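S.K.:
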Amino acid sequence: MNLEAIYHIDDIPYAFAVRADAIKVRIRAKRGEVVRARVLHSDRYVPYGHEVPIELELAASTSAHDYFEGLIQTSTFRVRYLFLLEDAEGRAVWYGELGASVHRDKAGLFHFPYLNPSNIHEVPDWIHDAVVYQIFPERFCNGDPANDPPLTEAWTPEARPRPDSWYGGDLAGIRQKLPYLQELGVTLLYLTPVFLSPSTHKYDISDYLKIDPQFGDMALLRTLVAEAHALGIRVMLDAVFNHSGQEFFAFRDLVEKGENSSYRQWFYAEGFPVTEEPEANYLTFATGIKTMPKLRTSDAELAQYLLEVAAYWIRETGIDGWRLDVANEVDMGFWRGFRQKVKSVKPDALIIGEIMHHAGPWLRGDQFDGVMNYVLREALVDFFAKQAIGVREFSARLALNRMMHSDAANQAMFNLIGSHDTDRFLTLCERHGLGWNDLKYDVERLRLAVFFLMTYTGMPMIYYGDEVGMRGGYDPDCRRPMIWDEEAQDRELFGFFRTMIALRRRHRALRRGTFRSWLEEEALGVLGYIRDDGTEQVLAVLNHSPNPVELELELPAGRRVGGMLADALSGAVYTPAARQVLALPPFGCMLLVET
Numbered sequence: 000m001n002l003e004a005i006y007h008i009d010d011i012p013y014a015f016a017v018r019a020d021a022i023k024v025r026i027r028a029k030r031g032e033v034v035r036a037r038v039l040h041s042d043r044y045v046p047y048g049h050e051v052p053i054e055l056e057l058a059a060s061t062s063a064h065d066y067f068e069g070l071i072q073t074s075t076f077r078v079r080y081l082f083l084l085e086d087a088e089g090r091a092v093w094y095g096e097l098g099a100s101v102h103r104d105k106a107g108l109f110h111f112p113y114l115n116p117s118n119i120h121e122v123p124d125w126i127h128d129a130v131v132y133q134i135f136p137e138r139f140c141n142g143d144p145a146n147d148p149p150l151t152e153a154w155t156p157e158a159r160p161r162p163d164s165w166y167g168g169d170l171a172g173i174r175q176k177l178p179y180l181q182e183l184g185v186t187l188l189y190l191t192p193v194f195l196s197p198s199t200h201k202y203d204i205s206d207y208l209k210i211d212p213q214f215g216d217m218a219l220l221r222t223l224v225a226e227a228h229a230l231g232i233r234v235m236l237d238a239v240f241n242h243s244g245q246e247f248f249a250f251r252d253l254v255e256k257g258e259n260s261s262y263r264q265w266f267y268a269e270g271f272p273v274t275e276e277p278e279a280n281y282l283t284f285a286t287g288i289k290t291m292p293k294l295r296t297s298d299a300e301l302a303q304y305l306l307e308v309a310a311y312w313i314r315e316t317g318i319d320g321w322r323l324d325v326a327n328e329v330d331m332g333f334w335r336g337f338r339q340k341v342k343s344v345k346p347d348a349l350i351i352g353e354i355m356h357h358a359g360p361w362l363r364g365d366q367f368d369g370v371m372n373y374v375l376r377e378a379l380v381d382f383f384a385k386q387a388i389g390v391r392e393f394s395a396r397l398a399l400n401r402m403m404h405s406d407a408a409n410q411a412m413f414n415l416i417g418s419h420d421t422d423r424f425l426t427l428c429e430r431h432g433l434g435w436n437d438l439k440y441d442v443e444r445l446r447l448a449v450f451f452l453m454t455y456t457g458m459p460m461i462y463y464g465d466e467v468g469m470r471g472g473y474d475p476d477c478r479r480p481m482i483w484d485e486e487a488q489d490r491e492l493f494g495f496f497r498t499m500i501a502l503r504r505r506h507r508a509l510r511r512g513t514f515r516s517w518l519e520e521e522a523l524g525v526l527g528y529i530r531d532d533g534t535e536q537v538l539a540v541l542n543h544s545p546n547p548v549e550l551e552l553e554l555p556a557g558r559r560v561g562g563m564l565a566d567a568l569s570g571a572v573y574t575p576a577a578r579q580v581l582a583l584p585p586f587g588c589m590l591l592v593e594t
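All letters in the sequence shown, in the order written, are residues 0 to 594 by numbering that gives the first Met the number 0.
#1: For Ala-227, tell me which candidate among Thr-316, Pro-192, Glu-486 and Tyr-13 has the shortest Cα-Cα distance.
#2: In terms of alpha-carbon separation, which member of Gly-494, Met-469, Arg-503 and Cys-477 lies closest to Ala-487?
#3: When the distance is taken between beta carbons, is Ala-28 closer than 7 Å to Asp-86?
#4: Looking at Val-130 and Ile-500, is the spacing between their C-beta atoms short of 7 Å?
#5: Out of Arg-504, Gly-184, Leu-526 and Val-234, which has the shortest C-alpha to C-alpha gap to Glu-549?
#6: If you drop the 5 nearest sequence neighbours on each side, which residues of the same chain put their C-beta closer than 8 Å to that of Phe-271?
#7: How far does the alpha helix (DSSP H) with Pro-633 in it reach, from first residue to last?
#8: Between the C-alpha atoms of Leu-564 and Arg-505, what's the straight-line distance to the nearest angstrom?
#9: Looking at C-beta atoms only, is the number of pairs between the stretch 271–281 and the stretch 351–362 that lie closer than 8 Å three or more?
#10: Using the Cβ count rule (16 or more neighbours within 10 Å means buried), how would you classify Val-92?
#11: Would you kindly work out how many angstroms separate the C-alpha atoms of Leu-70 and Gly-533, rounded to a whole number?
#12: Considering only residues of the stretch 317–401, which uninterrupted alpha helix (DSSP H) runs meet the minimum length of 4 residues and lie entirely inside it, listed in chain order?
#13: Thinking C-beta only, is Ser-260 closer than 7 Å to Asp-252?
#14: So what's Gly-172 in DSSP terms, helix, strand or just coil?
#15: For Asp-422 versus Tyr-462, is the C-beta distance shorter than 7 Å?
#16: Could you tell me the distance, in whole angstroms, from the CA atom of Leu-583 to the CA atom of Leu-541?
#17: Where do the N-terminal and C-terminal ends of the beta strand (DSSP E) with Asn-115 fall, by residue?
#18: Can you grab the Cα-Cα spacing for the pair Thr-247 / Glu-300, in whole Å?
#19: Considering only the beta carbon of each residue, do Pro-480 and Arg-174 sit closer than 7 Å?
#20: To the nearest angstrom, report how far apart Tyr-47 and Asp-10 are at their CA atoms.
#21: Round the Cβ separation of Pro-116 and Ser-405 to the nearest angstrom and send it over; I've been treating them as touching at under 8 Å.
#22: Indicate the three-state DSSP secondary structure (helix, strand or coil) for Lys-439 in the structure shown.
#23: Would you be able to state if there are at least three C-beta pairs under 8 Å between the stretch 380–389 and the stretch 96–109?
#24: Which of helix, strand or coil does DSSP assign to Tyr-13?
#25: Kindly provide the ranges of any alpha helix (DSSP H) runs that are 4 or more residues long and lie completely inside the stretch 517–591, ordered along the chain.
#26: How should Ser-297 be labelled, buried or exposed, when 16 other C-beta atoms within 10 angstroms of its C-beta is the threshold for buried?
#27: What's the C-alpha gap between Val-234 and Val-224?
#28: For Gln-133, does the three-state DSSP call read helix, strand or coil?
#29: Closest to Phe-15 by C-alpha separation, out of Arg-30, Glu-32 and Thr-73, would be which residue?
#30: Quickly, what does DSSP pair Phe-82 with across the bridge? List them, please.
#31: May I have the straight-line CA-CA distance separating Gly-364 from Gly-417, to the nearest angstrom?
#32: Assuming the contact rule is C-beta atoms closer than 8 Å, Leu-83 and Arg-37 should be a hit. Round their C-beta distance to whole Å, please.
#33: Once the 5 residues before and after Ala-249 are set aside, which same chain residues still bring their CB inside 6 Å of it?
#34: What does DSSP give as the partner residue(s) for Ile-232 in the beta ladder?
#35: Determine the DSSP secondary structure at Tyr-281, reduced to helix, strand or coil.
#36: Please report the distance separating the alpha-carbon of Ile-134 from that of Leu-188.
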């Protein structure tokens, strides 16, 4: 047995609390080597040797490793444990705090000293049922007063020159399109910044306590949130706390007063006087972007100010959470205080960080609920859009991403195929892929990616317009105005989005079930997986190739005796536990559900 491949630590993501009386443990081993894995556990204070065994299940496999996991229930909240691994030849290895050994006593013991309530990564229950829709407000819809229902409070936009690139989108336009979003099946709106700013993107905020009049005002936002809630749609806003804009009052004070400014510690001035031209002598977002001076969120006064901003908008408008811009560059102590503040105002508010790489340090239950799952997006782009990897590599990358986080964090991910910071997925499909002819199946590959998103664990996120076939390259091309002319929309694609969202909402296993790989046919390009919530089992199969595929295999048995399995997309019916031929067209998919 390859001892170097065996790995476990008594910490997230290998050991974590899942509820008040249970922890989950995971252990890694070389792929294909361990055929049986058990964990032996007991209370930490009972005599050594009283540990009882629990069988672990193979939860995921990457190209190099297998991951086994299981639940340890505890009535005393104190756990001591070690692992026993066996290979196909019957050789056994003990694994504990001291490492691997053929002798139990020399392996040592892991400890979960006490299961305190604070150990549990609690996420809002409603997120399991969420389908997210991201809107870039300035490019979404311009509210037409003639079609706008009366506001509960009067709204008169302030006169303010609009930049040449302004497309007229505003909160009134989003409000008018709420029926469209409800028809699509959306349950959570994520809006990029709506606060006062001189730019179209609004990530250089001038006033954190004021809605940009180009979008509307406080009354209009309140109305939008209230009407969305009435339709079963929650709303979250974008918080930009890594940096401000140049017009932010504290930064203007710093420029004017220099060392004597009361806000000197809110920023990172590299010298005095503070200069903006020709180059900034202060730290900024990214490299020398002078319009976005970086905030020193470790400063207690600034932290208090920003925490009050976050609480203010929840209290005043009823929003349901925050997406956090450039979250990985902000002081972690600030984010811990942010979570405490936000959850004290609205316990079921959602907190999502923007992190484009492995986000484990932020997903321990004391900062974010989840993040925008860009690691998953990279795998989706490489597999579906670029066709640069095969089924096994794709499945392995999915597995590794899941195993890097706790269950709660995985369930709270924003699973996206695109955003305001990326190329449109359909454009990537058009520009890449196998073969350079007219049969590139670009829309079909987008459909497969959507099928996967709607059947995977976590929250599927739609970037506005993807559902009607919008195209666009990298920022700012990906921020084209929303297409509302139905003749210019791909209505068939819209119907597919709506169907898949409806299927996700209909089947609890797709929203709250476990995920397990079922088929990985590398040569054929076929991937299959199982979602199971303990009462329902749903089987998803997709053909990621330009060839029709027929698979003869034994379907996993349904949970109900004598129950039939039907493809929710085509209506074809199959008998559980019997060898069946599954026929998939090029880039086709099926969702087998119990009937």
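Even glycine gets a Cβ: it sits at the ideal position worked out from N, Cα and C. Just so it is clear, the structure is predicted and the values come from calculations on it, not from any experiment.
M.R.: Looking at the atomic coordinates:
#1: Thr-316
#2: Met-469
#3: no
#4: yes
#5: Leu-526
#6: Gly-257 and Glu-258
#7: This structure does not reach residue 633, given that the chain is present from 0 up to 594, and the question cannot be answered.
#8: 15 Å
#9: no
#10: buried
#11: 15 Å
#12: 331–344 and 373–379
#13: yes
#14: helix
#15: no
#16: 8 Å
#17: From DSSP, Asn-115 is part of no beta strand (DSSP E); its letter is neither H nor E.
#18: Looking at the sequence shown, residue 247 is not Thr but Phe. Near 16 Å, if we compare the C-alpha coordinates of Glu-300 and Phe-247.
#19: no
#20: 22 Å
#21: Contact doesn't hold; Cβ gap of about 15 Å is too wide.
#22: coil
#23: no
#24: coil
#25: none
#26: exposed
#27: 6 Å
#28: strand
#29: Thr-73
#30: Val-38 and Tyr-94
#31: 26 Å
#32: 5 Å
#33: Tyr-262 and Trp-265
#34: Paired residue(s): none; Ile-232 is not in a bridge.
#35: strand
#36: 7 Å
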